[in-house]
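Numbering (my numbering), first residue to last: 8 to 360.
Cβ coordinates follow ideal geometry from the N, Cα and C atoms, glycine included.
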């Protein structure tokens, strides 16, 4: 027999009154309903002030004042595709903003090789989240992105360093990210000002950022009237760097003396290999890296496009707290923060050669 949402929520309230405090997963088993449905019901009941959520459990509301809507007593989940590189700074920004608002940040990791972000989200939701900062594993060249499941999230979500397709339901989600198109344009303009009439892009294929960098390069070359050059694909990051050095050497032979490389790992490994082929930066060619995670530590220090990673994390967390406080009345925000160009040793003088 199918029960209505009202009847189901009455059962939830009855169980919580009986048990006092109960984990969401145990509550779902007790009433014989899927955990995702129970989480939605619990979120609705908590929003109405009838239940209190905390760290994966629910209980009756305390007889105290409501939590500070600026963020105190809020638990925010954050799903990222990796740690140890680009997203470390985004996490740091979100963590600092959460600490400043008195909120708690809970981290989940869904690797770039994983095709199922939902399992990680389900695990995070068991922590009794009030909101979710979400970086889905959307990669270029893998077909249409799956956004349908985002409609069923029981808590507000903010996309981080992702922008949903305009024709998808996820386009109505808040989002905060770097404007990678503008980041690439900064690099191309700098190289154009140095006298380079053609700039080659060497880019990975395995991440969302790589796709945005490629699109930005295509648009920027056309906008600035630079001579086009076929994109040099990095098919196996960190493994085929010798092949990458060969491709760049061939481009130099074709008259190209300026290169944008995504990302720092490839660029740092590349410079000594180019030197062994008789090519030095900035004397023989100009080189700009994209990401600026480790670029300043290279020898020579790499000029780099630096997305505002910490600011993205902080802005996403702050927007989430505003969304929780404002609810549907708050307009949907799609925020893009502009990168900077950090000019260092490998690029800065007049056109080489």
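Cβ neighbours of residue i in the same chain (closer than 6 Å, five flanking residues each side left out)
i, result
"residue 96", "316, 317"
"residue 274", "268, 296, 309"
"residue 341", "182"
"residue 76", "Confidence at residue 76 is low in this model, with a pLDDT of 48, below 50, so its placement is unreliable and no value can be given for it."
"residue 228", "235"
From the options, residue whose alpha carbon lies closest to that of residue i
i, options, result
"residue 326", "193, 272, 101", "101"
"residue 136", "94, 125, 63", "63"
"residue 4", "334, 29, 47, 60", "The chain is shown from 8 up to 360; residue 4 falls before or after that span and cannot be answered."
"residue 331", "53, 39, 12, 216", "53"
"residue 277", "141, 294, 131, 340", "294"
"residue 144", "80, 167, 251, 241", "167"
"residue 13", "43, 49, 29, 25", "49"
"residue 338", "204, 178, 188, 250", "178"
"residue 18", "39, 142, 32", "39"
"residue 196", "99, 170, 350, 158", "350"
"residue 108", "141, 328, 285", "328"
"residue 142", "134, 241, 260, 216", "216"
"residue 152", "134, 123, 129", "123"
Under 7 Å between C-beta atoms of residue i and residue j
i, j, result
"residue 138", "residue 161", "no"
"residue 235", "residue 211", "no"
"residue 231", "residue 199", "yes"
"residue 92", "residue 346", "no"
"residue 298", "residue 270", "yes"
"residue 302", "residue 311", "yes"
"residue 154", "residue 175", "yes"
"residue 132", "residue 46", "yes"
"residue 246", "residue 208", "no"
"residue 280", "residue 252", "yes"
"residue 36", "residue 165", "no"
"residue 233", "residue 206", "yes"
"residue 307", "residue 256", "no"
"residue 354", "residue 289", "yes"
"residue 219", "residue 187", "yes"
Opening and closing residue of the beta strand (DSSP E) in which residue i lies
i, result
"residue 345", "First-last for residue 345: undefined, no H or E at that position."
"residue 301", "Careful: residue 301 lies outside any beta strand (DSSP E) and carries neither H nor E."
"residue 29", "28-30"
"residue 66", "64-66"
"residue 90", "No beta strand (DSSP E) holds residue 90; DSSP gives it neither H nor E."
"residue 239", "239-241"
"residue 185", "181-185"
"residue 312", "310-313"
Same chain, Cβ closer than 8 Å to residue i, neighbours up to 5 away in sequence not counted
i, result
"residue 116", "86, 87, 88, 89, 90, 127"
"residue 27", "66, 67"
"residue 156", "125"
"residue 249", "280"
"residue 241", "209, 210, 211, 212, 247, 251, 269, 273"
"residue 130", "115"
Enclosing alpha helix (DSSP H) for residue i [first to last residue]
i, result
"residue 224", "215-231"
"residue 283", "271-283"
Close Cβ partners of residue i (< 7 Å) along its chain, the five nearest in sequence each way excluded
i, result
"residue 284", "252, 256"
Touching or not, the segment 185-194 and the segment 218-226, by the rule of three or more beta carbon pairs under 8 Å?
yes
The segment 104-114 / the segment 23-38 touching (three or more Cβ pairs under 8 Å)
no
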